[in-house]
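Sequence order for the protein chains is A and B. The first sequence lines up with residues 288 to 491 when you count with this note's numbering. The second sequence lines up with residues 288 to 491 when you count with this note's numbering. Glycine is no exception: its CB is placed at the ideal position from the N, C-alpha and C atoms. Just so you know, these numbers come straight off a predicted model, no measurement behind them. Each remark here refers to the structure printed beneath this line.
Number of protein chains: 2
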Amino acid sequence: MKKKEVHNYTYAYEQIRDQILSGKIDPNTKLTEEKLAEHLGISRTPVRSAIAKLEQEGLIKNKRIFIPTQTDIRHIFQVRMLLEGFAARYCADYISEDGIARLKECVKIGHTGTTEDIMEANFLFHQIIVEETKNLEIVHIIDRMQSIIYLLRKTVVLQKRPHLIEEHAAILEAIVSHDGNLAEKLMIEHLQKDVEFSIHRLRM
Amino acid sequence: MKKKEVHNYTYAYEQIRDQILSGKIDPNTKLTEEKLAEHLGISRTPVRSAIAKLEQEGLIKNKRIFIPTQTDIRHIFQVRMLLEGFAARYCADYISEDGIARLKECVKIGHTGTTEDIMEANFLFHQIIVEETKNLEIVHIIDRMQSIIYLLRKTVVLQKRPHLIEEHAAILEAIVSHDGNLAEKLMIEHLQKDVEFSIHRLRM
DNA sequence: TTTTATAATTTTGTATACTATTTTATAACA
DNA sequence: TGTTATAAAATAGTATACAAAATTATAAAA
Numbered sequence: 288m289k290k291k292e293v294h295n296y297t298y299a300y301e302q303i304r305d306q307i308l309s310g311k312i313d314p315n316t317k318l319t320e321e322k323l324a325e326h327l328g329i330s331r332t333p334v335r336s337a338i339a340k341l342e343q344e345g346l347i348k349n350k351r352i353f354i355p356t357q358t359d360i361r362h363i364f365q366v367r368m369l370l371e372g373f374a375a376r377y378c379a380d381y382i383s384e385d386g387i388a389r390l391k392e393c394v395k396i397g398h399t400g401t402t403e404d405i406m407e408a409n410f411l412f413h414q415i416i417v418e419e420t421k422n423l424e425i426v427h428i429i430d431r432m433q434s435i436i437y438l439l440r441k442t443v444v445l446q447k448r449p450h451l452i453e454e455h456a457a458i459l460e461a462i463v464s465h466d467g468n469l470a471e472k473l474m475i476e477h478l479q480k481d482v483e484f485s486i487h488r489l490r491m
Numbered sequence: 288m289k290k291k292e293v294h295n296y297t298y299a300y301e302q303i304r305d306q307i308l309s310g311k312i313d314p315n316t317k318l319t320e321e322k323l324a325e326h327l328g329i330s331r332t333p334v335r336s337a338i339a340k341l342e343q344e345g346l347i348k349n350k351r352i353f354i355p356t357q358t359d360i361r362h363i364f365q366v367r368m369l370l371e372g373f374a375a376r377y378c379a380d381y382i383s384e385d386g387i388a389r390l391k392e393c394v395k396i397g398h399t400g401t402t403e404d405i406m407e408a409n410f411l412f413h414q415i416i417v418e419e420t421k422n423l424e425i426v427h428i429i430d431r432m433q434s435i436i437y438l439l440r441k442t443v444v445l446q447k448r449p450h451l452i453e454e455h456a457a458i459l460e461a462i463v464s465h466d467g468n469l470a471e472k473l474m475i476e477h478l479q480k481d482v483e484f485s486i487h488r489l490r491m
């Protein structure tokens, strides 16, 4: 019988991460350990651990929220194209029935849901494909990039990039019909369009 | 004029990492903060930071040196094949003169050097190709995997996997002759052979 | 006014003490 | 002998104090 009390450093990590990702912390403010600690009602020690982790994940740099350059984004998405392209190809052969059902649901929400729903569904569409590889290393790498990916997802959804959902539908279709080459190709093109649209819209 | 005094947590990180990678710490011992701190002549605080970082890099898990399963290794090398395959393809078009010269040197040492030299040259051969992409995201991902990669490199070099250096030479030749497709294909096959050989030899 | 030097302040890095938790050893029981 | 319960020891998590470093404010000089 294990009571898993959550440690303060986990609490601090999740709180700070979520506040950054949801835009609740102004990107220009300097994140000082003492203020964060005071705000969360804990001491500096667990806050330090949390910041260290967030720095390693690239969300924070020099105690400030990290805002990536155009080049940073292109590099990150190059990695996404390679890993998620592979994942899509893999899915065409090995995806589970449950995976297909969940992907279909994501596409459906993409057509009918609220903005917030669409944000979540877009995240999930990619997440499901990645997780279906059962490769935890890939899952972790994508996970570590979520902060930056979130920025772009916000842009393409809020500013309604054309054909976003149709592209998801096409990728799903390629997977369902076991066409791995096509699934990979479509995934790479899809991510490429996200980058170009976002970089243009964010005026980078 | 900035005097960059190295902090204790950096010192601790490097010391512990190097001791693990060089096999100076028995893989079965439990890494306790206090003993490490005492051994390094510093307090627990910077040691804690160092361990946290090493845990995130996958070198340590649950305060013990992490020994990957066969599946872990296959997953990590799947990522390597994707990223380094891309890197090799990229090099065929864009590698610098200096890069080619350094790769040639690695192949040469592979034929003539001591075991230790060959270890270093093998590391460098891959490292140079990865760095030539100028994609820091890819560089960092590969970097975070070095602990596991090191294990396999040790195996293939010490146990003299056949054709190891010849494969490097073939990859280099494909790069020099600007054949990106071939360079990628050879790199993937090369890594695949490393995995199969090592998993067999390590009896996993 | 701008620039530079110095002082004051803030913030981080480290040590240490204390508490909570986990692990290990010991003893009681089946 | 093996299993479970309890005590003890070891270890990790946290708070806090203080020192070192970085940052900011202030004053003096050009």
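For residue i, which of the options has the nearest alpha-carbon?
i: Leu346 (chain B); options: B:Arg304, B:Cys378, B:Thr316 and B:Ile387; result: B:Arg304
i: Lys350 (chain A); options: A:Leu318, A:Glu403 and A:Glu418; result: A:Leu318
i: Gln365 (chain B); options: B:Ile428, B:Glu344 and B:Glu342; result: B:Ile428
i: Asn409 (chain B); options: B:Thr356, B:Ile452 and B:His487; result: B:Ile452
i: Tyr381 (chain A); options: A:Gln343, A:Thr420, A:Glu424 and A:Phe412; result: A:Thr420
i: Asp385 (chain A); options: A:Val426, A:Glu418 and A:Val293; result: A:Glu418
i: Met519 (chain A); options: A:Leu308, A:Val293, A:Ser309 and A:Asp359; result: Outside the shown range of chain A (288 to 491) lies residue 519 (chain A), about which nothing can therefore be said.
i: Thr402 (chain B); options: B:Gln446, B:Ala470, B:Leu308 and B:Ile354; result: B:Gln446
i: Ala470 (chain A); options: A:Leu411, A:Phe373 and A:Leu308; result: A:Phe373
Do you know offhand how far residue i's Cα is from residue j's?
i: Leu489 (chain A); j: Asn315 (chain A); result: 17 Å
i: Ala339 (chain B); j: Leu323 (chain A); result: 20 Å
i: Gly400 (chain A); j: Glu320 (chain A); result: 39 Å
i: Glu476 (chain A); j: Glu371 (chain B); result: 21 Å
i: Glu407 (chain B); j: Ile415 (chain B); result: 12 Å
i: Leu390 (chain B); j: Gln433 (chain A); result: 35 Å
i: Ile436 (chain B); j: Gln306 (chain A); result: 36 Å
i: Met368 (chain A); j: Ile329 (chain B); result: 44 Å
i: Arg440 (chain A); j: Arg448 (chain A); result: 10 Å
i: Glu342 (chain A); j: Asp430 (chain A); result: 14 Å
i: Ala337 (chain A); j: Asn422 (chain B); result: 27 Å
i: His413 (chain B); j: Val426 (chain B); result: 11 Å
i: Glu392 (chain B); j: Gly467 (chain A); result: 39 Å
i: Leu308 (chain A); j: Ser383 (chain B); result: 39 Å
i: Leu411 (chain B); j: Ile405 (chain B); result: 10 Å
i: Lys480 (chain A); j: Leu438 (chain B); result: 39 Å
i: Val293 (chain B); j: Glu344 (chain B); result: 21 Å
i: Gly517 (chain A); j: Ile354 (chain A); result: Nothing about residue 517 (chain A) can be read from this structure; chain A reaches only from 288 to 491.
Taking CB distances under 8 Å as the criterion, tell me whether residue i reaches chain A.
i: Val366 (chain B); result: yes
i: Ile486 (chain B); result: no
i: Ile428 (chain B); result: yes
i: Ile549 (chain B); result: The question about residue 549 (chain B) has no answer, for chain B in this structure spans 288 to 491.
i: Leu439 (chain B); result: no
i: Asn468 (chain B); result: no
i: Leu369 (chain B); result: yes
i: Phe353 (chain B); result: no
i: Ser336 (chain B); result: yes
i: Gln479 (chain B); result: no
i: Gln343 (chain B); result: yes
i: Asn422 (chain B); result: yes
Checking 8 Å against the spacing of the C-beta atoms, do residue i and residue j come in under that value?
i: Val482 (chain A); j: Arg361 (chain A); result: yes
i: Phe484 (chain B); j: Val444 (chain B); result: no
i: His465 (chain A); j: Ala379 (chain A); result: yes
i: Val463 (chain B); j: Ile352 (chain B); result: no
i: Ile486 (chain B); j: Gln302 (chain B); result: no
i: Ala461 (chain B); j: Leu473 (chain B); result: yes
i: Ile363 (chain A); j: Glu424 (chain B); result: yes
Does the CB of residue i have a neighbour CB from chain B at under 8 Å?
i: Ala272 (chain A); result: Lying outside 288 to 491, the shown extent of chain A, residue 272 (chain A) is not represented and no answer is given.
i: His455 (chain A); result: no
i: Ser464 (chain A); result: no
i: Ser330 (chain A); result: no
i: Ile347 (chain A); result: no
i: Gln306 (chain A); result: no
i: Asn315 (chain A); result: no
i: Ile363 (chain A); result: yes
i: Asn295 (chain A); result: no
i: Phe412 (chain A); result: no
Does the segment 389–401 of chain A come close enough to the segment 451–459 of chain B that 3 or more CB-CB pairs lie under 8 Å? Result no; under three Cβ-Cβ pairs closer than 8 Å.
Does the segment 320–339 of chain A come close enough to the segment 295–309 of chain A that 3 or more CB-CB pairs lie under 8 Å? yes
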